[in-house]
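Visitor: Chains A and B supply the protein sequences, listed in that same order.
Quick note: the numbering used here has the first sequence finishing at residue 285, numbered continuously throughout.
Quick note: the numbering used here has the second sequence finishing at residue 298, numbered continuously throughout.
This is the structure I have questions about; it appears just below.
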Amino acid sequence: MDWLIEPLGFGFFQRALLAGVLVGGLCGALSVFVVQRRMSSIGHGLAHSVLGGVGIALALGVHEYLGAAAATAVAAVLIDRVGRRRGLHVDAAIWIVTTALFALGVVVVSRVEGVGVSTESLLFGDVLGVGTADLLLIGGVSGAFAILLLARWKALVFTTFDHDVAAAMGVAAGRNEALLNLATAAVVVASVRVLGVLLIASAVVLPAALARLLTASFGRLMAVATLVGSAAAVVGLYASFHLNAPSGSTIVLTGTTAFAAVLVVVAARTALARRRGIAEALRAP
Amino acid sequence: MAVDPAVPDEPGAHPGRRRHGASRHVRASNDAPPLVVRDLSGGYGALRALEHVDLEVARGEIVGVVGPSGAGKTTLLRLLTGQADRHAGHVEVAGQAIRDRRAPRRVGLVPQLGSVDWDFPLTVEQAVLLGLTADSSRRPWFRRSERARARELLDRLGLDGLAERPIRALSGGQRQRMFLARAMIRDADVLLLDEPTSGVDVATRAEVLGLVGELAAEGLAVLITTHDLNWVAAHLPRLLFLNQSVVADGPPREVLTPEVLRKAYEADLAVIHEQGRIAVVDEEPLLGSARERASWTG
Numbered sequence: 001m002d003w004l005i006e007p008l009g010f011g012f013f014q015r016a017l018l019a020g021v022l023v024g025g026l027c028g029a030l031s032v033f034v035v036q037r038r039m040s041s042i043g044h045g046l047a048h049s050v051l052g053g054v055g056i057a058l059a060l061g062v063h064e065y066l067g068a069a070a071a072t073a074v075a076a077v078l079i080d081r082v083g084r085r086r087g088l089h090v091d092a093a094i095w096i097v098t099t100a101l102f103a104l105g106v107v108v109v110s111r112v113e114g115v116g117v118s119t120e121s122l123l124f125g126d127v128l129g130v131g132t133a134d135l136l137l138i139g140g141v142s143g144a145f146a147i148l149l150l151a152r153w154k155a156l157v158f159t160t161f162d163h164d165v166a167a168a169m170g171v172a173a174g175r176n177e178a179l180l181n182l183a184t185a186a187v188v189v190a191s192v193r194v195l196g197v198l199l200i201a202s203a204v205v206l207p208a209a210l211a212r213l214l215t216a217s218f219g220r221l222m223a224v225a226t227l228v229g230s231a232a233a234v235v236g237l238y239a240s241f242h243l244n245a246p247s248g249s250t251i252v253l254t255g256t257t258a259f260a261a262v263l264v265v266v267a268a269r270t271a272l273a274r275r276r277g278i279a280e281a282l283r284a285p
Numbered sequence: 001m002a003v004d005p006a007v008p009d010e011p012g013a014h015p016g017r018r019r020h021g022a023s024r025h026v027r028a029s030n031d032a033p034p035l036v037v038r039d040l041s042g043g044y045g046a047l048r049a050l051e052h053v054d055l056e057v058a059r060g061e062i063v064g065v066v067g068p069s070g071a072g073k074t075t076l077l078r079l080l081t082g083q084a085d086r087h088a089g090h091v092e093v094a095g096q097a098i099r100d101r102r103a104p105r106r107v108g109l110v111p112q113l114g115s116v117d118w119d120f121p122l123t124v125e126q127a128v129l130l131g132l133t134a135d136s137s138r139r140p141w142f143r144r145s146e147r148a149r150a151r152e153l154l155d156r157l158g159l160d161g162l163a164e165r166p167i168r169a170l171s172g173g174q175r176q177r178m179f180l181a182r183a184m185i186r187d188a189d190v191l192l193l194d195e196p197t198s199g200v201d202v203a204t205r206a207e208v209l210g211l212v213g214e215l216a217a218e219g220l221a222v223l224i225t226t227h228d229l230n231w232v233a234a235h236l237p238r239l240l241f242l243n244q245s246v247v248a249d250g251p252p253r254e255v256l257t258p259e260v261l262r263k264a265y266e267a268d269l270a271v272i273h274e275q276g277r278i279a280v281v282d283e284e285p286l287l288g289s290a291r292e293r294a295s296w297t298g
């Protein structure tokens, strides 16, 4: 039991665990909307744009979260504008806009690295360096997202299922989509410290993909994805502590391992059921 | 109770305010036609897709909306549900004027089956209940009375016992029935079906039309868009031909003429009347010699 209790003796690990559970659950809950809206690229793209925002914030001497929030907002607007151009699709717009911001971030961060910012921690996360400000931001975004879900659950589900019919039946579908986009940007900004720019994409896709293998109800999907996100963070953090590996990577690898295991079990059960069905059909007179 | 048509009232646009309003369950007078459209023009932004449409649909009436691709059939449905920009004209649903870009409460929409994500994690009952979203409370769950209403509609449409099934497990006909239930759960006066014959087999088409006929007999006004000219000609009492504007409107025997078809489709088509039925065929056979065709058809 030492391996379980020992890390809890460190203040940084306690903060990391709290941040990890919240970010994992937050990304897990969001992943249901990201996956069902078939917008898996958006998390990846917005996370890339964060780097540009952080770089510019550091260059200007303002708080990095301000830069990250501004960059995701600018990216979301530019994606919308570029994606509306005839002949272009949203996925092309996502990559054009966000990789440009990412590249800008790499250039600026490399120029201002002297002020104590590690490109590595931005790219791969630094959950063990989580401070009070980070926890406050993560807690605030988690609370706001929970309120959004509770207040607009039915409307968000209907909009995600069928935007046009929802709008035709009196639901403010456009506003719901805008709120989901805003929530995605906020979750990405809040998760950067824990997961890193390059690893967020997995956290906002994988939990829902895993949960989808287990349930066909939207409500249960949300519950399972949230739990999976948090559990992957806890296991990943312990692995990070004991293996002395980057925490964002161990969290993502934990989630991926769980997904692969569930996929194998589900596939085996399906194959077994099919074989049993064929055998019964052959036995039937 | 009559409702003043001059007072705009689009409950779907203000669910929060309407929820506690006394008028929620008030139906308009039966004398008011469920759907009245006057000189309606509209499209998407500055692009005009449809103009000068006049249309009145009475209770119990089923109208087939036909025309070539791009004729404005879907735009008409989108204008009636507040999903396209109205440039001019007037729309009334059950005697109540509907403002531009507002979804009228008493209009139910059945989308094309092909436009739906059938792997979406919903049960049949949940999918039907979503139709109540704009009128329901902000709580994340539906009330017991709302669930009872959904079950009642599912029973009525022959889906009893399937409420807990995932939507992907339904057959084509069952999917159409489920969407009819969702469209009706808000006490619709007008039912709009977008291409219900698209991608479904002959038996499903017959099943859907039978159900729609029953609903119309109960007083609903129904608009069906389709590309299947012969299907509507054979089964519907009224056709509305569109080609950016109304080309013709009336019973098949009056409007199914080569002149109307040429104007609507910009193609030469022939109309065959035989044993009280009407069919539209190409003016000239498109493939093969006369002898070959005779061998194909016997």
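Glycine included, each C-beta is placed from N, C-alpha and C at the ideal position.
Closest by CA to Gly28 of chain A, which one among A:Ala281, A:Leu227 and A:Arg15?
Guide: A:Leu227
Visitor: Can you tell me which residues form a DSSP beta bridge with Ile224 of chain B?
Guide: According to DSSP, Ile224 of chain B bridges with B:Gly64 and B:Leu193.
Visitor: Taking the C-alpha atoms as reference points, what is the distance between Val262 of chain A and Ala232 of chain A?
Guide: 14 Å
Visitor: In chain B, which residues lie with their C-beta within 8 Å of the C-beta of Val35 of chain A?
Guide: Those do not exist, as Val35 of chain A stays about 10 Å from chain B at its closest Cβ, beyond 8 Å.
Visitor: Look at the alpha carbon of Glu292 of chain B and the alpha carbon of Gln174 of chain B, and state the distance between them as a whole number of angstroms.
Guide: If you draw a straight line from the Cα of Glu292 of chain B to the Cα of Gln174 of chain B, it is about 41 Å long.
Visitor: Using the C-alpha atoms, what's the distance from Gly43 of chain A back to Thr184 of chain A?
Guide: 7 Å
Visitor: Going along the chain, which residues of the segment 160-173 of chain B sit with their C-beta nearer than 7 Å to a C-beta in chain A?
Guide: Pro166
Visitor: Less than 8 Å between C-beta atoms, sequence neighbours within five positions excluded: which residues of the same chain meet that for Asp39 of chain B?
Guide: Closer than 8 Å at Cβ, skipping near neighbours: His52, Val53, Asp54, Ala88, Gly89 and His90.
Visitor: Quick check: what's the CA-CA separation for Gly277 of chain A versus Gly20 of chain A?
Guide: 44 Å
Visitor: In or out: Trp231 of chain B buried (at least 16 other Cβ within 10 Å) or exposed?
Guide: buried
Visitor: Which residues mark the beginning and the end of the alpha helix (DSSP H) in which Val305 of chain A is found?
Guide: Only positions 1 to 285 of chain A appear in the structure, and residue 305 of chain A is not among them; the question remains open.
Visitor: Reducing DSSP to helix, strand and coil, say where Ala97 of chain B ends up.
Guide: It is a strand residue.
Visitor: Given Ser230 of chain A, which residues of its chain have a CB within under 7 Å of its CB, disregarding the five upstream and five downstream residues?
Guide: Val21, Gly24, Gly25 and Gly28
Visitor: Strictly under 7 Å for the Cβ-Cβ distance: is Val266 of chain A near chain B by that measure?
Guide: no
Visitor: Name the chain A residues that come within less than 7 Å of Ser136 of chain B, Cβ to Cβ?
Guide: Lys154
Visitor: Within a Cβ cutoff of 6 Å, which residues of the same chain sit near Ala167 of chain A, ignoring the five residues on either side of it in sequence?
Guide: Ala173
Visitor: Below 8 Å on C-beta distance, what does Thr226 of chain A contact in chain D?
Guide: The displayed structure is made up of protein chains A and B, and chain D is not among them.
Visitor: Who are the neighbours of Ser217 of chain A on chain B, taking C-beta pairs under 9 Å?
Guide: Pro121, Leu122, Thr123, Gln126 and Pro166
Visitor: Just the Cα atoms here: how many angstroms apart are Ala84 of chain B and Ala155 of chain A?
Guide: 21 Å
Visitor: Using CA coordinates, which residue listed in A:Ala216, A:Ala73 and A:Val171 is at the minimum distance from Gly82 of chain B?
Guide: Of A:Ala216, A:Ala73 and A:Val171, the residue nearest in Cα terms is A:Val171.
Visitor: Take Thr254 of chain A and list the residues in its own chain whose beta-carbon comes closer than 6 Å to its own, dropping the five residues that flank it on each side.
Guide: The answer, listed in chain order, is Ala232, Val235 and Gly236.
Visitor: Apart from the five residues on each side of it in sequence, which residues of its chain come closer than 7 Å, Cβ to Cβ, to Val224 of chain A?
Guide: Ala211, Leu214 and Thr215
Visitor: At which residues does the alpha helix (DSSP H) containing Glu51 of chain B begin and terminate?
Guide: Careful: Glu51 of chain B lies outside any alpha helix (DSSP H), inside the beta strand (DSSP E) at Leu47 to Val57.
Visitor: Below 8 Å, can you find three or more Cβ-Cβ pairs linking the segment 187-198 of chain A to the segment 136-144 of chain A?
Guide: yes
Visitor: I'd like to know whether the C-beta of Thr297 of chain B is nearer than 7 Å to at least one C-beta of chain A.
Guide: Under the Cβ distance rule, Thr297 of chain B does not count among the residues neighbouring chain A, no pair being separated by less than 7 Å.
Visitor: To the nearest angstrom, how far is the alpha carbon of Ala163 of chain B from that of Leu154 of chain B?
Guide: 7 Å
Visitor: Checking contacts by CB at 7 Å: is Gly170 of chain A closer than that to chain B?
Guide: yes
Visitor: Val212 of chain B: which of B:Met178, B:Ser245 and B:Gly43 sits nearest, CA to CA?
Guide: B:Met178
Visitor: Secondary structure at Asp282 of chain B, three-state DSSP: helix, strand or coil?
Guide: strand
Visitor: How big is the Cα-Cα spacing for Ala288 of chain A and Leu206 of chain A?
Guide: No statement about residue 288 of chain A is possible, as the shown extent of chain A runs from 1 to 285 and does not include it.
Visitor: Could you compute how far the alpha carbon of Leu243 of chain A sits from the alpha carbon of Ala150 of chain B?
Guide: 54 Å
Visitor: In angstroms with no decimal places, state the Cα-to-Cα distance between Ala248 of chain B and Leu256 of chain B.
Guide: 9 Å
Visitor: Express the C-alpha separation of Val116 of chain B and Asp162 of chain A in angstroms, rounding to a whole number.
Guide: The straight-line gap from Cα to Cα measures roughly 7 Å.
Visitor: Where does Asp282 of chain B land, buried or exposed, given buried means 16+ other C-beta within 10 angstroms?
Guide: Counting Cβ neighbours within 10 Å, Asp282 of chain B comes out exposed, since fewer than 16 surround it.
Visitor: Spell out whether any CB of chain B is found under 7 Å from the CB atom of Ala151 of chain A.
Guide: It does: the Cβ of Ala151 of chain A has a partner Cβ on chain B nearer than 7 Å.
Visitor: Going along the chain, which residues of its own chain have a beta-carbon closer than 6 Å to the beta-carbon of Gly108 of chain B, five neighbours each way excluded?
Guide: Excluding residues within five positions, the ones whose Cβ falls inside 6 Å are Ala183, Met184, Ala188 and Leu191.
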